[in-house]
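Heads up, the final residue of the sequence shown is numbered 969 in this note's numbering, and it's a clean run with no missing numbers. Take a look at the structure below.
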Amino acid sequence: MVKKTRKESKKPLSILTSAIMIAIAAVLCVATVIGHMYSRQYADLISVYFNQPQTKIVSTGDKNTQHFASSYKSDAEREKALKEFGSDILREGSTLLINQKNALPLKSSAKITVLGQSFVDPVYGGGGAGSIDVKKAINFETAFEQAGLQVNPTVTEFYKTGAGKDYRKTVPDVFGRGKLAVNEVPVNLYTDEVKNSFDEYKDAAVVVIGRTGSESSDLSTKTLESGSTYLQLDKDEQELLDMARNNFSTVVVILNTQNALELGPLVEKKVDAALWVGGLGQTGAIGVADVLTGQTNPSGHLPDTYAYDSQSAPSIHNFGRYSIANSQVERGNAYIAYQEGIYVGYRYYETRYEDAVLGNEKAGAFNYEKQVQFPFGYGLSYTSFEWSNFAQSESKDGYDFSIDVKNTGKVAGKDVVQLYMQSPYTDYDKRNHIEKSAVELVGYAKTAVIEPGKSETVSVHVSKEAMKSYDAYGKGTYIVDAGDFYFTAATDAHAAVNNILATKSKSTADGMTADGRKEFVVKKVQQNFDDTTYAKSVATGQPVVNQFADADITTYDSSAQYLSRSDWEGTWPRTYADGSWTAPDDFVKALEIDTTVTQPKATPRTGQIDKSLGKLNMATLMKTDSTDKAWISAIEQMSVQELDELVRIGGYATKSADSTQLPATVDKDGPAGISSTLVGGENGVGYAPEVVVAATWNTDLARDFGEAIGEDSIALKVAIWYGAAANIHRSPYSGRNFEYFSEDPHISGAMNAAIVAGARSKGAIATVKHFALNDQETNRTGGAMLANEQSIRDLYLKPFEMSVRDGGALGMMASMNRIGARWTGGSKALMTNVLRGEWGFEGFVVTDQASYSVFAYEDLREGLEAGTDLWLNTDAKLWKLDQADMTDGVVAHIQRAAKNISFAISRSNAMNGLSNDSTIVRVTPLWMWGVYAVETVVAVLCLALLSVAARDLYRHASARKKARNNEED
């Protein structure tokens, strides 16, 4: 018998096992190919996520290439300073609403019991792009204890590990999934042990009430399972206040809330003090603790009106989800009609109040004291201030107002002087449907810290341009009415109206809530009706004419009307078309994408060098004016492929261009600080949201906010910042109000302009968003927003205009909604005629999210034709046009867009390290080497599996063949 070798004796794998191995190898190969394809397709996004660049700068040794430098010597020093600044925002933005018998401040060593599940689960910010990394945030407990307050540990542990741990507020996520719920702990769950602990920590009960919102969804206006709307204090919260009132002599409420709540129960429950703090950001709790203990005197003022009934606002009747019944256009079947016109926030409440006092409103139809609890601009202090010597002087372009502010109290503090204007409401206005608010904010200033007994003279400049109003139906441009203009310094919007009414000889005898201070009013008489001064843009000299008739509901329905103070009840808004609008055929047709592209007279030059100028690069153009022909020559150096990729693939990063040595950029959200929430990478410091920044009424602080973002921009190498956000609090129920400043366009614009300028000083490009009329989240994706031109210009566009003209914005982000039937990014009226023609904008417009097919209405050709420049797209294949569609017109538009992008980047800190002789080279990021390694391992494994399977299948085949041969023998 012949002995078999070991190799020959090993049995082959079964045919089934071999087949499975081949299948596994095939799956691995296919997965590897797909993985390789997608890694290439989303290379920019993956690189941002892992914080690994795809290019580097090779310098010739030129030392003067740090074009934008940090003000700090080290990262540790920067982080420490920025965190302290985050606390400063809350020190200045915290707003004292109630303070009976000086309940606040608390003694720094006070023994307090903190109630409410929001104490251990605070609102730091909002959901989505504006969120922050809460893992790095300082909570109330830590901040209070650091300030010296002794916090009841039994109650705190009850919320952390006891029965209270099962109760936490909920909010929908960034995709709109989930539901709103307050989920306060019911009082019947507080055990005797917990209640008995009150006796030792009895100096005060501090009740924390929390509310927040999120991107992609609005707050519900309907009654929730708790029996209240989201902006009302529900049964459990009110019973918590009762428990506090019954057990403590001092009850303080902290409103850790971001939307305007209905706060009537605070009076009904006789709370002693209420402090609104908004969202905390990463370190804001420290600032709140300082305010509670008197280390800081609160100086915040409300950026919104707080009504007893949040649904008394006229916008509520057209807020939510409404459909276009006869539209089959994808993402084109929803609308909102802004039928309240200009009467948003205090513009409604204060105007109707004045009309009631003047007798222009039916007696008893409006009771201000039952409508408004805290007016726009309201805020208390731990000290008292006295104003005097209100004066005014005139210059060519405006008016300068001054007033002396004296601290008449016992502690140092800051005060805010607010400057309001009233325009005449004339017969011409009534005939031509021009609406005028009783007052509008036109300026403000915050004092420095004033010591007791000391004074400061505060100055506020108001441009004469503030006197203009848009006349859409008459002259079709801006006008200044003939008549009396009143300017008044006031503590809030309601005091401003009372001051002006006092000059009209009105008093409490006429139904005023308080007598006004007419010594704080200056009247200016405009002798002549003026329809020429502002018929041309002050910024550019271009004619100003109607641009948005196609967004006006009266264009399609002559019976539609907007709210008018000439007839409050007769024009009171109703839900337009009962929420289901059968639109005219021309409107439905206009909802469709328009791919028409204007063709140039000459074929665009690409990939060519201008012989007279030679080869140009971005470093040589850093200080070259945007109108210089060198920019045209530089862009003509770019190939069609470079142009296409730069414009089309601009999500969270922009492409570099070898031909012009344009550096790549990393671009990130969010308005509360550079964030990794949506795309990974590193975070900057997370700050309180913009509604708290607005509450500071401190424009210098807003500029510091922008500089702080810029500091992180330099450190993290994030040159383009998707912020700040400048939409209007049209309704208190907007889910993203935390991310926007105010119901008022002036403070929104002034704050945003300061932030933009501060960021730009550090080389960070702020893309001001969301341009425009993205004032609710429901149906923001493609929803048709319908408004008249006066409200569009005087309210909704004004913050964006100020960001450009006053802040020098180089970036703008188009909203995802439509203005009228046209997507905002596809509206030439908005993107070119107004933004560039009237305001003089020189930078780029980036779309909002455009990385998925669901955003197909953000069409590349339509957007380019309108003047949009950059697509927030992370998919290298998406929006790619066929060769036949890459017409001369498309290429010419892409060149224009590439120039706008390149110009802005040349003014940014992305240029750090670049000089005339530097070179940008491409590098393989570490994650890509990891992909190569995985692909190699998989390839070897597949070969091994296939080799073994093939060998054993061959052995099985040989054995079968041998068996057949034996049978034949």
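The beta-carbon is built from N, C-alpha and C at its ideal position, and this holds for glycine as well.
Using a Cβ-Cβ distance cut-off of 8 Å, determine whether residue i contacts chain D.
i, result
"Ser87", "No chain D appears in this structure, which consists of one protein chain only."
Does the beta-carbon distance from residue i to residue j come in below 8 Å?
i, j, result
"Asp531", "Lys475", "yes"
"Ile403", "Ala489", "yes"
"Val185", "Gly210", "no"
"Tyr308", "Lys370", "yes"
"Gly811", "Ser761", "no"
"Ile112", "Val187", "no"
"Gly443", "Leu419", "yes"
"Thr229", "Lys222", "yes"
"Val417", "Ala445", "yes"
"Ile316", "Ala583", "no"
"Glu838", "Ser537", "yes"
"Ala981", "Ala472", "With the chain running from 1 to 969 in the structure shown, residue 981 is simply not present."
"Asp44", "Ala653", "yes"
"Gly840", "Arg818", "no"
"Leu96", "Val288", "no"
"Phe376", "Leu261", "no"
"Asn183", "Tyr159", "no"
"Ile450", "Ala391", "no"
"Leu231", "Val357", "no"
"Ala719", "Thr665", "yes"
"Ser908", "Ala764", "yes"
Using the Cβ count rule (16 or more neighbours within 10 Å means buried), how would you classify residue i?
i, result
"Pro960", "A quick correction: the sequence has Arg, not Pro, at residue 960. Label assigned to Arg960: exposed."
"Met1", "Low local confidence applies: a pLDDT of 43 at Met1 is under 50, so the model's placement there is unreliable, with the coordinate-based value given in what follows. The residue in question, Met1, is exposed, as its Cβ has fewer than 16 Cβ neighbours within 10 Å."
"Asp75", "exposed"
"Thr408", "exposed"
"Gln527", "exposed"
"Gln637", "buried"
"Val252", "buried"
"Trp568", "buried"
"Thr5", "Note that Thr5 has pLDDT 47, beneath the 50 cutoff, so the model's placement of it is unreliable and no number is given."
"Tyr576", "buried"
"Trp581", "buried"
"Gly930", "exposed"
"Leu16", "exposed"
"Tyr857", "buried"
"Asn966", "exposed"
"Ser9", "Any reading at Ser9 must be qualified, since the residue scores a pLDDT of 49, below 50, and its modelled position is unreliable; the value itself is stated next. Per the 10 Å Cβ criterion, exposed."
Since residue i contacts residue j with CB under 8 Å, what's their CB separation in whole angstroms?
i, j, result
"Gly213", "Leu219", "6 Å"
"Phe738", "Ile747", "Wrong, their Cβ atoms sit about 16 Å apart, outside the cutoff."
"Ile920", "Leu870", "The Cβ separation is near 19 Å, so there is no contact."
"Ser393", "Ile434", "The pair is not a contact, with the Cβ atoms about 29 Å apart (cut-off 8 Å)."
"Ser216", "Gly176", "4 Å"
"Val685", "Gln258", "Val685 to Gln258, Cβ: 19 Å. No contact."
"Leu104", "Pro314", "So it is not a contact: roughly 35 Å between Cβ atoms."
"Met911", "His36", "The Cβ separation is near 33 Å, so there is no contact."
"Ile593", "Glu862", "6 Å"
"Gly650", "Val846", "6 Å"
"Phe119", "Val208", "4 Å"
"Tyr796", "Leu773", "5 Å"
Quick one: is the Cβ of residue i within less than 7 Å of any heavy atom of the ligand PLP?
i, result
"Thr426", "Absence of the ligand PLP from the depicted structure is noted, as is the absence of any ligand whatsoever, leaving it without description."
Below 8 Å, can you find three or more Cβ-Cβ pairs linking the segment 766-775 to the segment 725-737?
-> yes
When the Cβ atoms of the segment 122-129 are set against those of the segment 274-281, are three or more pairs found closer than 8 Å?
-> yes
So does the segment 486-501 actually touch the segment 528-544, counting three or more Cβ pairs closer than 8 Å?
-> no
Using 8 Å as the threshold, is the segment 192-206 in touch with the segment 97-114, meaning 3 or more CB pairs across them?
-> yes
Any chance the segment 601-610 sits against the segment 345-354, with 3 or more Cβ pairs inside 8 Å?
-> no
What beta strand (DSSP E) runs, 3 residues minimum, are completely inside the segment 261-324?
-> 273-276
Only counting runs of 3 or more residues, tell me where the beta strand (DSSP E) segments fall wholly within the segment 509-562, in order along the chain.
-> 521-526
Which parts of the segment 56-94 are runs of the beta strand (DSSP E), unbroken and 3 residues or longer, counting only runs that do not cross its ends?
-> none
Segments assigned beta strand (DSSP E), at least 3 residues, entirely inside the segment 321-373 = 335-337
Uninterrupted beta strand (DSSP E) stretches inside the segment 816-887 (no shorter than 3 residues) | 844-849, 870-872
In the segment 11-62, which residue ranges form an unbroken alpha helix (DSSP H) of at least 4 residues, counting only runs that do not cross its ends?
-> 15-41, 43-50
Report yes or no: do the segment 797-804 and the segment 870-881 share at least 3 C-beta pairs separated by less than 8 Å?
-> no
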